[in-house]
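Under the working numbering, think of the first position of the sequence shown as 8, with each following residue one higher. All C-beta atoms, glycine included, are put in the ideal place defined by N, C-alpha and C. Here is the structure we will look at.
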Amino acid sequence: RRLHAPYLRGQDRTPVDHQRKAIKRVIGLPGDWISVPETKEIRKIPEGHCWVEGDNGSVSRDSRTYGPVPLGLVQGRVTHVVWPPRKIGRVDKRVPEGRVMPQRNL
Numbered sequence: 008r009r010l011h012a013p014y015l016r017g018q019d020r021t022p023v024d025h026q027r028k029a030i031k032r033v034i035g036l037p038g039d040w041i042s043v044p045e046t047k048e049i050r051k052i053p054e055g056h057c058w059v060e061g062d063n064g065s066v067s068r069d070s071r072t073y074g075p076v077p078l079g080l081v082q083g084r085v086t087h088v089v090w091p092p093r094k095i096g097r098v099d100k101r102v103p104e105g106r107v108m109p110q111r112n113l
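And the structure:
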């Protein structure tokens, strides 16, 4: 089952600094093929990893920067936004349309 906004260790470069927390969306799970935004690249997520992205793609350091993240770094699940006040509410669980491709045999 796809998590929608996990806690990960590390602020920006999550796999590098394991002492800090970051919140990113899980877009792809092991075995998924995903389309990488702003490129024409399609990548298969390796076993034991996931593809994570921040909500603000133009400034977020995430899997677009450092590649797939080990599942062992995922620590929990975010259910609500509390800041800023105008965005308080439940987190949207949907993966952006067209990002995860059907299984492929290459």
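DSSP three-state call for residue i: helix, strand or coil?
{"i": "S70", "result": "helix"}
{"i": "P53", "result": "coil"}
{"i": "P77", "result": "strand"}
{"i": "R181", "result": "Nothing can be reported for residue 181, as the shown portion of the chain is limited to 8 through 113."}
{"i": "E60", "result": "strand"}
{"i": "R84", "result": "strand"}
How would you call residue i, buried or exposed, if buried means at least 16 neighbouring beta carbons within 10 angstroms?
{"i": "V59", "result": "buried"}
{"i": "K31", "result": "buried"}
{"i": "V76", "result": "buried"}
{"i": "D69", "result": "buried"}
{"i": "T21", "result": "Unreliable positioning characterises T21 in this predicted model, as indicated by a pLDDT of 49, which lies under 50. A coordinate reading is not provided."}
{"i": "D62", "result": "exposed"}
Among the residues of its own chain, which have a CB less than 8 Å from the CB of residue i, if the five just before and after it don't count?
{"i": "I95", "result": "H87, V88, V89"}
{"i": "E45", "result": "G64, R71"}
What is the residue span of the beta strand (DSSP E) that residue i lies within?
{"i": "W40", "result": "40-42"}
{"i": "K28", "result": "28-30"}
Looking only at its own chain, which residues have a Cβ that is under 7 Å from the Cβ of residue i, when we skip the five neighbours before and after it?
{"i": "G35", "result": "I41, I52, C57, W58, V107"}
{"i": "L78", "result": "G55, H56, C57"}
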